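Inspection log for the structure reproduced underneath, given as structure tokens.
Number of protein chains: 2
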Amino acid sequence: MEDKIIQFIKRYIDLSDAEADIVRDSSHIESFKKNDILLSEGEYSKNHYFILKGCVRTYYIIDGNEKTTEFYTENQSIVPASMVTKEPSEYFISCLEDCTIAIGSEERDLVLIERIPKLKNLIMKSDIQVRIHNQVMFDNFKSKTPEMRYHFLLDTRPDLFNRVPLHQLATYLGITPVSLSRMRKRISTKR
Amino acid sequence: MEDKIIQFIKRYIDLSDAEADIVRDSSHIESFKKNDILLSEGEYSKNHYFILKGCVRTYYIIDGNEKTTEFYTENQSIVPASMVTKEPSEYFISCLEDCTIAIGSEERDLVLIERIPKLKNLIMKSDIQVRIHNQVMFDNFKSKTPEMRYHFLLDTRPDLFNRVPLHQLATYLGITPVSLSRMRKRISTKR
DNA sequence: TTTATTAATTATCCAAGGTTAAGTTTTATA
DNA sequence: TATAAAACTTAACCTTGGATAATTAATAAA
């Protein structure tokens with residue numbers, strides 16, 4: 436299980452066997468049950484997460500309605516904005532399934548970076564990768580219709596449709612659940 | 436002029452006078468004319484930019500139509516995706532006004548980081564700040580109507596309305612120029 | 001200053017998402 | 001297993017944005 440973390444890191448930087456052992460030894464892995472909340476609105480986050488198994492969702496509540504902002508599945512990492520800004524979180528993070536998650540903390544990060552300084556490069560590289568990916572996703576979102584976004588999601592993350600309730604996919608796509616239902620009907624009768 | 440760069444850096448990390456001098460000495464400042472292109476689609480970017488004066492726009496072309504993705508004004512920095520990915524750029528970067536811009540290159544960055552290692556922290560911090568800001572903007576975009584986005588832009592970046600043609604603001608807001616024109620009419624007759 | 005080009009507006013028609021409410025299906029739980 | 005709760009669907013009505021085309025305004029170029 437810990438090897439998934441090593442593999443993730445090796446996508447960005449080289450890691451000797453000895454260094455991999457250090458990372459392995461310092462990883463904290465926890466299990467969560469479906470619907471467990473990793474972080475609530477208003478809380479200060481001191482952890483970041485790496486999904487080993489399961490599916491996690493980030494969302495916020497506006498006018499009483501949940502808006503899903505992202506789904507995270509195996510081998511994806513979550514660094515809550517709150518951890519960076521030191522402000523109370525605007526977002527919830529909760530488990531859509533039973534999950535196994537590696538939890539990183541600021542203190543342990545400092546110790547790890549002390550021992551393996553090049554981990555700084557990992558942070559730099561992965562952050563900017565995420566930044567660029569988000570930018571592309573945002574730009575696409577702007578110029579595509581909801582139906583195009585639906586098809587794009589089907590193409591790129593088909594697994595979500597088996598793991599996630601439709602009303603959460605709807606707000607993720609920037610539309611209402613009612614509208615998504617109607618759209619699916621429209622698409623299915625089209626062919 | 437160079438001091439704007441120093442001030443920007445000091446928002447993220449401390450810098451001694453000696454270090455500030457090093458940064459100042461190694462900065463390359465260039466002037467550009469309105470409509471000058473800093474980067475074209477298909478090109479490989481080896482530079483990043485810090486706007487000292489003027490306004491710069493990033494956009495891409497899809498189905499023959501320009502889609503503006505961001506406006507950058509004084510004291511904002513641009514790190515093109517292409518510079519990170521080493522892939523040809525999907526985006527154009529062009530000057531909306533006569534501009535004064537500090538240009539950073541990969542080679543000079545390496546030398547600078549060699550001399551001032553803590554600049555790595557600057558990169559880490561500013562990257563993640565941008566990432567989080569983009570995430571919030573994206574989430575807001577999804578849950579707001581075009582009209583709400585228009586008002587939000589008016590509130591947060593009123594200067595753009597004096598510097599940028601409306602049809603470019605329109606695609607930035609994710610709508611067509613025709614639609615923006617109609618919306619403005621609707622808003623003005625509402626009160 | 002005239003002319004050409006580009007930007008912005010306006011109108012018409014259409015497609016599609018938002019809202020609300022009712023009904024159905026599925027899932028969870030007592 | 002029966003009951004309650006949650007998820008999903010469907011329908012009706014309304015609003016608003018997209019597409020197209022024509023017109024006017026503003027800007028740039030000859």
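Quick mapping for you: the protein sequence lines, in order, are chains D and B.
Residue numbers for the first sequence, in the numbering used here: 436 to 626.
Residue numbers for the second sequence, in the numbering used here: 436 to 626.
No residue lacks a Cβ here, since even glycine has one placed at the ideal position from N, Cα and C.
All values derive from a computational prediction rather than experimental measurement.
Using the three-state DSSP reduction, which class does residue i fall into: helix, strand or coil?
i      : result
D/R598 : helix
D/N556 : helix
B/S614 : helix
D/T508 : coil
D/N500 : strand
B/N470 : coil
B/R492 : strand
D/S529 : strand
B/L547 : helix
B/L588 : helix
B/Y607 : helix
D/T624 : helix
B/E465 : strand
B/E535 : Note that residue 535 of chain B corresponds to Thr in the displayed sequence, not to Glu. Looking at B/T535 - three-state DSSP - the assignment turns out to be strand.
B/S540 : strand
B/I567 : helix
D/I448 : coil
Less than 8 Å between CB atoms is the rule here; does residue i satisfy it with respect to chain B?
i      : result
D/N569 : yes
D/V546 : no
D/V565 : yes
D/G489 : no
D/A605 : no
D/K481 : no
D/A516 : yes
D/G477 : no
Is the CB of residue i under 8 Å away from at least one CB in chain D?
i      : result
B/M559 : yes
B/V404 : With chain B covering only 436 through 626, there is no way to say anything about residue 404 of chain B.
B/D449 : no
B/D562 : yes
B/K555 : yes
B/G499 : no
Answer with buried or exposed for residue i, where buried requires no fewer than 16 other C-beta atoms within 10 angstroms of its C-beta.
i      : result
D/I536 : buried
B/A453 : exposed
B/R619 : exposed
D/F485 : buried
B/D498 : exposed
B/L589 : exposed
D/M436 : exposed
D/T591 : exposed
B/I496 : exposed
D/V514 : buried
B/V599 : buried
B/F573 : buried
B/T627 : The shown model of chain B, from 436 to 626, leaves out residue 627 of chain B, and the question about it has no answer.
D/S480 : buried
B/D562 : buried
B/S616 : exposed
D/F506 : buried
Return the residue from the list the options that minimises the CA-CA distance to residue i.
i      : options                        : result
D/I622 : D/R550, D/Y526, D/M583         : D/M583
B/E501 : D/S578, D/R598, D/S475         : D/S578
D/D460 : D/S529, D/G539, D/I472, D/S480 : D/G539
B/S512 : B/F587, B/Y585, B/I441, B/I497 : B/I441
B/H568 : D/V519, D/I610, D/P552, D/I528 : D/V519
D/T571 : B/T503, B/E541, B/F596, B/K620 : Looking at the sequence shown, residue 571 of chain D is not Thr but Val. Cα-wise, what sits closest to D/V571 is B/T503.
B/E542 : B/L608, B/I448, B/N482, B/R446 : B/N482
D/E478 : D/F587, D/E522, D/L588         : D/E522
B/N510 : B/V491, B/I496, B/E525, B/K555 : B/V491
D/K527 : D/D471, D/L487, D/D533, D/C534 : In the sequence as displayed, the identity of residue 527 of chain D is Phe instead of Lys. Nearest C-alpha to D/F527: D/D471.
D/I464 : D/S517, D/R566, D/K439         : D/K439
D/A516 : B/R566, B/L474, B/K488, B/A516 : B/R566
D/D533 : D/L557, D/T508, D/D594         : D/T508
> Between the stretch 501-512 of chain B and chain D, which residues of the former have CB atoms less than 9 Å from a CB of the latter, in chain order?
Replying inline: K502, T504, E505
> What residues from the stretch 570-599 of chain D come within 9 Å of chain B, judged by C-beta to C-beta, listed N to C?
Replying inline: Q570, V571, M572, F573, D574, F576, K577, S578
>> Beta carbons nearer than 9 Å to chain B: which residues of the stretch 518-546 of chain D have them?
In response: V519, T520, E525, Y526
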